[in-house]
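Enquirer: My structure is below; once you've seen it, I'll send some questions.
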Ligand code: ZN
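Residue numbers (the working numbering): 6 to 371.
Dropping the structure here:
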């Protein structure tokens, strides 16, 4: 069965201005491109085309999420705030999140693109899907945008699927190098949504994403953080999947698995200090697909989050798309020989120790 893909050129027109603008006013930072700029995603999409894979994917047309749909998660004040700034010359959603004129509508298209990917998978039009949307969403909370995110695309899409398709249990597996705090906040007391985030410990947001954040009330046990130490390579990530993520999924038995997908845990990312290779992302995708096949008819949706190496993100993205579609292209990762020589790609004792601590939390899922 086919793999769906969401893309729209307008995603690339979301203007994040330049780096200098996000620091306090001074003449000490030379103006230059914001880390969250279109290039990384555009090159990901372009490599899919050059590899020949793009034409074999089912193109899913995004739509604009309505304000009512966005309001299933966000406050009306937050929506109005972003909308009014976007209608003028843009602004900053809070910290580190500058945007330009028209970004409100592009953010609607980003949430709507993720919703369309959900619809296509849930209705059986495709087996699985990847939404290459922008702006990203996993840091946005109900009343504020942050960390380059305006609206919580994945949270909005899950709430949409609940309302429209009567979808039951959903699991999210966030492999972006930063904590998926927004997704966590959307379902923190909800036992029907298992939110899992693997991330570099205390990277962003500060003091967020620790082991102790395990859900509250009826949702106690249904939020699972794996705050990995810096320097984790493929070995640690695969171990975290085998010891924590996959057992948690089998215990929870979701009807749909969703991945807020960031490639900023890669070994060459400017905003993270991990060492995952394209092969690591390939292995994690394979493990999730096996779980999805066993648990929910293969239903798996990924929605794009971070990833800031314009040279490397395309190869991580292609590896994931090859696995999702089952189509291996002729493209080899040109970085693979270099990364094969890096030390500590295998799981290290201090990494395994943290993973075992997180594994204990799987027992809290009923
Ligand atoms: Zn990130």
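Heads up, the beta-carbon is just placed ideally off N, CA and C, and yes, glycines get one too.
Could you check whether the Cβ of residue 13 sits closer than 8 Å to any heavy atom belonging to the ligand ZN?
Expert: False, no ligand heavy atom lies under 8 Å from that Cβ.
Enquirer: Any chance the CB of residue 267 is under 8 Å from a heavy atom of the ligand ZN?
Expert: Yes, the beta carbon of residue 267 sits closer than 8 Å to at least one heavy atom of the ligand ZN.
Enquirer: When every heavy atom of the ligand ZN is checked, does at least one fall within less than 8 Å of the C-beta of residue 82?
Expert: No, the Cβ of residue 82 stays beyond 8 Å of every heavy atom of the ligand ZN.
Enquirer: Residues in its own chain within less than 7 Å of residue 344 by CB, not counting five upstream and five downstream?
Expert: Contacts found: 272 and 282.
Enquirer: Which ranges would you report for the alpha helix (DSSP H) in the segment 42-111 if only whole runs of at least 4 residues count?
Expert: Those alpha helix (DSSP H) runs which fall completely within the segment 42-111 and span 4+ residues are 44-56, 72-75 and 81-92.
Enquirer: Are residue 2 and residue 146 touching if we call contact CB-CB under 9 Å?
Expert: The question about residue 2 has no answer, for the chain in this structure spans 6 to 371.
Enquirer: Who does residue 232 pair with in a DSSP beta bridge?
Expert: 204.
Enquirer: Can you give me the start and stop residues for the alpha helix (DSSP H) that residue 319 sits inside?
Expert: 318-330 is the span of the alpha helix (DSSP H), which, as asked, contains residue 319.
Enquirer: Identify every residue that forms a DSSP beta bridge with residue 31.
Expert: Residue 31 is not bridged to any residue.
Enquirer: According to DSSP, is residue 309 helix, strand or coil?
Expert: Reduced to three states, the DSSP call for residue 309 is strand.
Enquirer: What does the alpha-carbon distance come out to for the pair residue 191 and residue 142?
Expert: The alpha-carbon atoms of residue 191 and residue 142 are separated by roughly 12 Å.
Enquirer: Looking at residue 120: is its Cβ nearer than 9 Å to the Cβ of residue 303?
Expert: No, they are not a contact pair.
Enquirer: Answer with buried or exposed for residue 280, where buried requires no fewer than 16 other C-beta atoms within 10 angstroms of its C-beta.
Expert: Burial call: buried.
Enquirer: In the segment 129-178, which residue ranges form an unbroken alpha helix (DSSP H) of at least 4 residues, counting only runs that do not cross its ends?
Expert: The qualifying runs are 158-170.
Enquirer: Who are the near neighbours of residue 106 in its chain, counting only those whose CB is closer than 8 Å to its CB and skipping five residues on each side?
Expert: 20, 91, 92, 93, 94 and 95, listed in sequence order.
Enquirer: Which of the three DSSP states is assigned to residue 370 in this structure?
Expert: If DSSP states are grouped into helix, strand and coil, residue 370 belongs with coil.
Enquirer: With respect to 8 Å, is the separation between the Cβ of residue 209 and the closest non-hydrogen atom of the ligand ZN below this value?
Expert: Residue 209 Cβ: within cutoff of the ligand ZN.
Enquirer: Classify residue 199 as helix, strand or coil using the three-state DSSP reduction.
Expert: Of the three classes helix, strand and coil, the one that applies to residue 199 here is strand, per DSSP.
Enquirer: For residue 32, count neighbouring Cβ atoms within 10 angstroms of its own Cβ and tell me buried if that reaches 16, exposed if not.
Expert: By the 10 Å Cβ count, residue 32 comes out exposed.
Enquirer: Buried or exposed: which applies to residue 83, given that a residue is buried once 16 or more other Cβ atoms fall within 10 Å of its Cβ?
Expert: Result: buried.
Enquirer: Between residue 180 and the rest of its own chain, which residues show a CB-CB distance below 6 Å, the 5 nearest in sequence each way excluded?
Expert: So the qualifying residues of the chain are 203.
Enquirer: Could you tell me if the beta carbon of residue 39 falls within a distance shorter than 8 Å of some heavy atom in the ligand ZN?
Expert: Not under cutoff, so the answer is no.
Enquirer: Expressed to the nearest angstrom, what Euclidean distance is found between the alpha-carbon atoms of residue 360 and residue 233?
Expert: Residue 360 and residue 233: Cα-Cα distance of roughly 8 Å.
Enquirer: Using the Cα positions of residue 114 and residue 104, report the straight-line distance between them to the nearest angstrom.
Expert: Going by the C-alpha atoms only, they are around 15 Å apart.
Enquirer: Using the DSSP secondary-structure output, state which residues sit across from residue 38 in a beta bridge.
Expert: 23, per the DSSP bridge assignment.
Enquirer: At the level of alpha carbons, what is the spacing between residue 296 and residue 305?
Expert: Their backbone Cα atoms lie some 10 Å apart in a straight line.
Enquirer: With DSSP run on the structure shown, which of helix, strand or coil describes residue 261?
Expert: In the structure shown, residue 261 sits in a strand (DSSP, three-state: E or B).
Enquirer: In the DSSP assignment, find the alpha helix (DSSP H) that holds residue 250 and state where it starts and stops.
Expert: Per DSSP, residue 250 belongs to no alpha helix (DSSP H) and is neither H nor E.
Enquirer: At a cut-off of 8 Å, is residue 206 close to the ligand ZN when judged by its beta-carbon and the heavy atoms of the ligand?
Expert: For the ligand ZN, not one heavy atom lies less than 8 Å from the Cβ of residue 206.
Enquirer: Per DSSP, residue 11 is paired with what?
Expert: Note: residue 11 sits in a beta bridge opposite 65 and 136.
Enquirer: Measure from the alpha carbon of residue 72 to the alpha carbon of each residue in 252, 36, 165 and 44, then state which is nearest.
Expert: Ranking 252, 36, 165 and 44 by Cα distance to residue 72 puts 165 first.
Enquirer: For the ligand ZN, any of its heavy atoms closer than 8 Å to the Cβ of residue 310?
Expert: It does: the Cβ of residue 310 is within 8 Å (strictly closer) of some heavy atom of the ligand ZN.
Enquirer: Is residue 243 helix, strand or coil by DSSP?
Expert: The answer is helix: DSSP assigns residue 243 an H, G or I state.
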